[in-house]
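**Q** Here it is: the structure, laid out below.
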Amino acid sequence: MYVVLITYTAPLEEIDYALADHSAWLGKQYEAGYFLASGRRDPRTGGVIITRPMNRDKLNALLATDPFALRKLAHYDVIAFQATRTARELAHFNEAIMEHL
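Here you go:
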């Protein structure tokens, strides 16, 4: 799985202008089943995305299609991790359990 930390590199006015397109892009990724959660950082310096497990190259390709990336409005830090402890609702993402099935 991955945690993607998005940091804005442009003024909020430019971010707000691209926000509807970014939101539509997020919706497509949820529909495709790639993302689990997302939202703004507080304070509003960027956002966070939590993804399902996938190939890193696939994730990089997805992030490259984000309107924020296309317009060079943000920087992305991708943190890979193996979920070894989860809430019951997320047990099927627990990679330690899945390895033993």
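The sequence shown begins at 2 in my numbering and counts up by one.
In this text, a Cβ means the ideal position worked out from N, Cα and C, and glycines have one as well.
#1: Comparing alpha-carbon positions, which option in Lys59, Thr85, Asp67 and Ile7 lies nearest Arg41?
#2: Considering only residues of the same chain and omitting the five flanking positions on each side of Trp54, which have a CB-CB separation below 6 Å?
#3: Going by other Cβ atoms of all chains shown within 10 Å of its Cβ, with 16 needed for buried, is Val49 buried or exposed?
#4: Taking the alpha carbon of Leu37 as the reference point, which residue from Ile51, Ser24, Arg45 and Pro68 has its own alpha carbon closest?
#5: Could you tell me the alpha carbon to alpha carbon distance between Leu91 and Lys29, rounded to whole angstroms?
#6: What would DSSP say about Ala62, mapped onto helix, strand or coil?
**A** Quick look at the numbers:
#1: Ile7
#2: A quick correction: the sequence has Pro, not Trp, at residue 54. Closer than 6 Å at the Cβ level, and outside the excluded window around Pro54, lie Met2.
#3: exposed
#4: Ile51
#5: 21 Å
#6: helix
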